[in-house]
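Asker: For reference, the structure I am asking about is given below.
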């Protein structure tokens, strides 16, 4: 009996968490039925918000992981001056408030450097590009940290063997390190994607809340709540939950398949 | 040490002795946190004489039983009352007097600046605590609806009072007016695109910012002006951004992010060094808005809520603060800027609006 105490507590906590979750869901469904819509249902807008959210967060996740693979690898394998500072700065956007991050970006694009970037890449402020940038800035630190951890746990010995067999550093990375880290990186993509999907503060500050332009799902949730439309808010919440659920299910499947 | 030894308790003096946490479990106690409280029944006479009784001794075993048994209903009731006073308000003697009460104030973020000055004044003068929740007017309504809470509600425009009353969240007829808001074009300092009139917002070189008409009242008022002056098709494609709130819309001009915004006259007094108010032709303004304050149906103490509202509107110090931040308190003065405009009321977004936005996309 004494030996079972700890798992018992664990089961109890999990059960309690599930009960609270189910109760919260029941509350949402109940509100959906008791509240009435404030305005005519606009399906086009809902589809637009879902599509925009999926595309921007997917792009942001892909870009951040693409940039995080080489940088995470360097952080894992090399020691250099100021490494700790670099790591801290990368995590900064995750720690400070997203709205503050959005404001920093908004102010940055008022400077000559920011204006030059907009000249080269096209409009970013109040644009869809702004959504992607805001999401990348928020999740990049997470992406690098995840990828670095993946490389930390892959065996360095295989890399050394490849080098002794005459592989160049590029060949070793592409043929040995990357394939070994593949599964971990896949998990990192999904986690980063999930985080980007829910991003609101930085996005709305940098890209605005323009209908049919920069209205992602979290922005749509905010706007419908801001217009006191509880019914529409709940429809958006259910959609977000379904999307988040699908992504996290994907995560579970991808991590457990080859065990 | 706290002593309740008064005539109100009849012939019995009740004495509550604060004890260190260490002794918390060792007597007949009731208490929170690190403080153990011991309630000792004893004749009033001895309290009046200031005699030192039972100190240091603890109730154990038979003593506990005897002590509990000895509590007459009258004393028990008195004990409960005294403890209620102590635990619920933290200060004995303030219960039910209306002093030291708390007000849940759901306040539109657009008036945060003046409110941050008015609320501390009120708290200091009345001794009551104002728990203020700042957010967008609609968000606050949704928060009240879902939490079933709220003593006073202040929003950015009368539309939300109408919605709130329709939803059964606000007491009908409890609405009072704080100040009037006149729609205005606000430009960054120096007016870089030389905007003089409403029609200039349709120029292809002008970047316009607006509040999202679905969620932000000034967006809705701006849209109505464009609609009634047949400028929707011309100006909406020039709108580069919809802001999510009233303050965000003001920030667009302050940070020089757009060439003009459709906002309120008061924006100039929020940031006199950064923006300028371009007056819209009075004939073109179809509606002026006002900042209303109302009592939610969830109010716990209506008299107190109304007292607070009265302080916010009529206290001389509050009046000074509203004036300082450019709020127009007199309807006649507001009408000078828009003689033909109606005050308050509802405007429905026309379906044309969605088509124009989709086309612009």
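Protein chains in written order, with the working numbering: chain A, 5 to 263; chain B, 32 to 392.
Ideal placement from N, C-alpha and C gives every residue a C-beta, glycine not left out.
Note that this is a predicted model, so its numbers are computed, not measured.
#1: I'd like to know if residue 195 (chain B) contacts chain A, where contact means its C-beta is closer than 9 Å to some C-beta of that chain.
#2: With a cut-off of 8 Å on the beta carbons, I'd call residue 239 (chain B) and residue 130 (chain A) a contact; round off their distance for me.
#3: Is DSSP giving residue 139 (chain B) helix, strand or coil here?
#4: Do residue 152 (chain A) and residue 82 (chain A) come within 9 Å of each other at the CB atom, strictly closer than that value?
#5: Can you check whether the C-beta of residue 205 (chain B) is within less than 9 Å of a C-beta belonging to chain A?
#6: For the beta strand (DSSP E) containing residue 307 (chain B), name the first residue and the last one.
#7: Take residue 179 (chain A) and list the residues in its own chain whose beta-carbon comes closer than 8 Å to its own, dropping the five residues that flank it on each side.
#8: Looking at the structure shown, is residue 325 (chain B) part of a helix, part of a strand, or coil, going by DSSP?
#9: Can you give me the start and stop residues for the beta strand (DSSP E) that residue 271 (chain B) sits inside?
#10: Under three-state DSSP, which class holds residue 312 (chain B)?
#11: Would you call the CB atoms of residue 163 (chain B) and residue 325 (chain B) closer than 9 Å?
#12: So what does DSSP say about residue 76 (chain B), is it helix, strand or coil?
#13: If you measure from the beta carbon of residue 239 (chain A) to each beta carbon in chain B, is any gap under 9 Å?
#14: Can you tell me which of B:297, B:300, B:307, B:276 puts its alpha carbon nearest to the alpha carbon of residue 291 (chain B)?
#15: Using 8 Å as the Cβ pair cut-off and three pairs as the minimum, do the region 205-218 of chain A and the region 187-194 of chain A touch?
#16: Helix, strand or coil, according to DSSP, for residue 148 (chain A) in the structure here?
#17: At 7 Å on the CB atoms, spell out the chain A contacts of residue 273 (chain B), in chain order.
#18: Answer with buried or exposed for residue 18 (chain A), where buried requires no fewer than 16 other C-beta atoms within 10 angstroms of its C-beta.
#19: Which runs of the beta strand (DSSP E) fall wholly inside the region 125-206 of chain B and span at least 3 residues, in chain order?
#20: Rounded to whole angstroms, what's the CA-CA distance from residue 42 (chain A) to residue 172 (chain B)? Just pull it up for me.
#21: For residue 223 (chain A), count the other beta carbons within 10 Å of its own beta carbon; 16 or more makes it buried, fewer makes it exposed. Which is it?
#22: Specify, as a first and last residue, the run of the alpha helix (DSSP H) that residue 182 (chain A) falls within.
#23: Run through chain D and tell me which residues come within less than 8 Å of residue 177 (chain B), C-beta to C-beta.
#24: Kindly indicate which three-state DSSP category residue 39 (chain B) falls into: helix, strand or coil?
#25: Tell me which same chain residues have a C-beta within less than 8 Å of the C-beta of residue 356 (chain B), skipping the five on either side of it?
#26: Excluding the 5 residues flanking residue 347 (chain B) on each side, which residues of the same chain have their C-beta closer than 8 Å to its C-beta?
#27: Hey, could you find the ends of the beta strand (DSSP E) residue 217 (chain B) is sitting in?
#28: With a Cβ-Cβ cutoff of 9 Å, do residue 375 (chain B) and residue 189 (chain B) count as a contact?
#29: Cutting at 8 Å between CB atoms, please list the residues of its own chain near residue 283 (chain B), excluding the five before and the five after it.
#30: Where does residue 55 (chain B) sit, in a helix, a strand or coil, going by DSSP?
#31: So, helix, strand or coil for residue 133 (chain A), using DSSP?
#32: Output yes or no for whether 9 Å exceeds the beta carbon distance between residue 211 (chain B) and residue 359 (chain B).
#33: Need the endpoints of the beta strand (DSSP E) that residue 293 (chain B) sits in, please.
#34: Measure the alpha-carbon distance for residue 96 (chain A) versus residue 198 (chain B) and round it to whole angstroms.
#35: Residues of chain A with CB closer than 7 Å to the CB of residue 246 (chain B), please, in chain order.
#36: Would you grab the beta carbon distance between residue 258 (chain A) and residue 140 (chain A) for me? Rounded to a whole angstrom, and I think it's under 8 Å.
Answerer: So, from the listed chains and residues:
#1: On the second chain, position 164 is the one that residue 195 (chain B) refers to. It does; some Cβ of chain A falls within 9 Å.
#2: Against the second chain, residue 239 (chain B) aligns to sequence position 208. Against the first chain, residue 130 (chain A) aligns to sequence position 126. With 8 Å as the limit, residue 239 (chain B) and residue 130 (chain A) do not qualify as a contact, their Cβ atoms being about 11 Å apart.
#3: Position 108 of the second chain, counting from 1, holds the residue named residue 139 (chain B). DSSP places residue 139 (chain B) in strand when its eight states are reduced to three.
#4: Here residue 82 (chain A) refers to the residue found at position 78 of the first chain. Here residue 152 (chain A) refers to the residue found at position 148 of the first chain. Cβ atoms of residue 82 (chain A) and residue 152 (chain A): not closer than 9 Å.
#5: Taking the second chain and counting its residues from 1, the one referred to as residue 205 (chain B) is at position 174. For residue 205 (chain B), the answer is no, since every Cβ of chain A falls outside 9 Å of its Cβ.
#6: For the purposes of this step, residue 307 (chain B) is taken as the residue at position 276 of the second chain. From DSSP, the beta strand (DSSP E) with residue 307 (chain B) extends over 306-309.
#7: On the first chain, position 175 is the one that residue 179 (chain A) refers to. The answer, listed in chain order, is 166, 171.
#8: In the second chain, residue 325 (chain B) corresponds to position 294, counting from 1. It is a strand residue.
#9: For the purposes of this step, residue 271 (chain B) is taken as residue 240 along the second chain, with counting starting at 1. Where residue 271 (chain B) is concerned, the enclosing beta strand (DSSP E) stretches over 270-274.
#10: Here residue 312 (chain B) is taken as the residue at index 281 of the second chain, counted from 1. Residue 312 (chain B) falls in the coil class under three-state DSSP.
#11: What you label residue 163 (chain B) is simply residue 132 of the second chain in a count that begins at 1. What you label residue 325 (chain B) is simply residue 294 of the second chain in a count that begins at 1. Their beta carbons are not under 9 Å apart, which means residue 163 (chain B) does not touch residue 325 (chain B) by this criterion.
#12: On the second chain, residue 76 (chain B) is found 45 positions in, with the first residue counted as 1. Confidence at residue 76 (chain B) is low in this model, with a pLDDT of 39, below 50, so its placement is unreliable and the value that follows should be read with caution. Helix.
#13: Locating residue 239 (chain A) in the first chain gives position 235, where the first residue counts as 1. Answer no: the Cβ-Cβ gap between residue 239 (chain A) and chain B never drops below 9 Å.
#14: The residue you call residue 291 (chain B) lines up with position 260 of the second chain. Ranking B:297, B:300, B:307, B:276 by Cα distance to residue 291 (chain B) puts B:307 first.
#15: no
#16: Along the first chain, one-based indexing puts residue 148 (chain A) at 144. Residue 148 (chain A) falls in the helix class under three-state DSSP.
#17: Along the second chain, one-based indexing puts residue 273 (chain B) at 242. Within 7 Å Cβ-Cβ: 212, 213, 214, 215.
#18: In the first chain, counting from the first residue as 1, residue 18 (chain A) sits at position 14. Label assigned to residue 18 (chain A): exposed.
#19: 133-139, 160-166, 183-185
#20: Here residue 42 (chain A) refers to the residue found at position 38 of the first chain. Here residue 172 (chain B) refers to the residue found at position 141 of the second chain. Taking the straight line from one Cα to the other gives about 13 Å.
#21: Here the question's residue 223 (chain A) lines up with position 219 in the first chain. That one is buried.
#22: Locating residue 182 (chain A) in the first chain gives position 178, where the first residue counts as 1. Element bounds for residue 182 (chain A): 182-201.
#23: The structure shown contains no chain D; its protein chains are A and B.
#24: Here residue 39 (chain B) refers to the residue found at position 8 when the second chain is read from its first residue. Here residue 39 (chain B) scores only 37 on pLDDT, less than 50, and its place in the model is too uncertain to base an answer on.
#25: Translated into the one-based positions of the second chain, residue 356 (chain B) becomes position 325. Closer than 8 Å at the Cβ level, and outside the excluded window around residue 356 (chain B), lie 144, 145, 297, 300, 301.
#26: Translated into positions along the second chain, residue 347 (chain B) becomes position 316. Answer for residue 347 (chain B): no residue qualifies.
#27: Stepping through the second chain from its first residue, residue 217 (chain B) is reached at position 186. Start and end: 214-219.
#28: Mapped onto the second chain, residue 375 (chain B) falls at position 344. Mapped onto the second chain, residue 189 (chain B) falls at position 158. The answer is yes: Cβ separation under 9 Å.
#29: Locating residue 283 (chain B) in the second chain gives position 252, counting from the first residue. If we look at residue 283 (chain B) and ignore the five residues flanking it on each side, its Cβ neighbours are 240, 272, 274, 289, 292.
#30: The residue given as residue 55 (chain B) occupies position 24 in the second chain. Only weak support exists for where residue 55 (chain B) lies, its pLDDT of 35 falling under 50; the coordinates are left without a value.
#31: Your numbering for residue 133 (chain A) matches position 129 in the first chain. Three-state result, residue 133 (chain A): helix.
#32: The residue you call residue 211 (chain B) lines up with position 180 of the second chain. The residue you call residue 359 (chain B) lines up with position 328 of the second chain. Against a cut-off of 9 Å, the Cβ pair of residue 359 (chain B) and residue 211 (chain B) comes out as a contact.
#33: As a working note, residue 293 (chain B) is residue 262 in the second chain. First-last of the beta strand (DSSP E) with residue 293 (chain B): 291-295.
#34: Counting from one through the first chain, the residue named residue 96 (chain A) turns up at place 92. Counting from one through the second chain, the residue named residue 198 (chain B) turns up at place 167. Taking the straight line from one Cα to the other gives about 43 Å.
#35: Numbered from its first residue, the second chain carries residue 246 (chain B) at position 215. Under the 7 Å cutoff, chain A gives 227, 230, 231.
#36: Looking up residue 258 (chain A) in the first chain gives position 254. Looking up residue 140 (chain A) in the first chain gives position 136. About 22 Å; that fails the 8 Å criterion.
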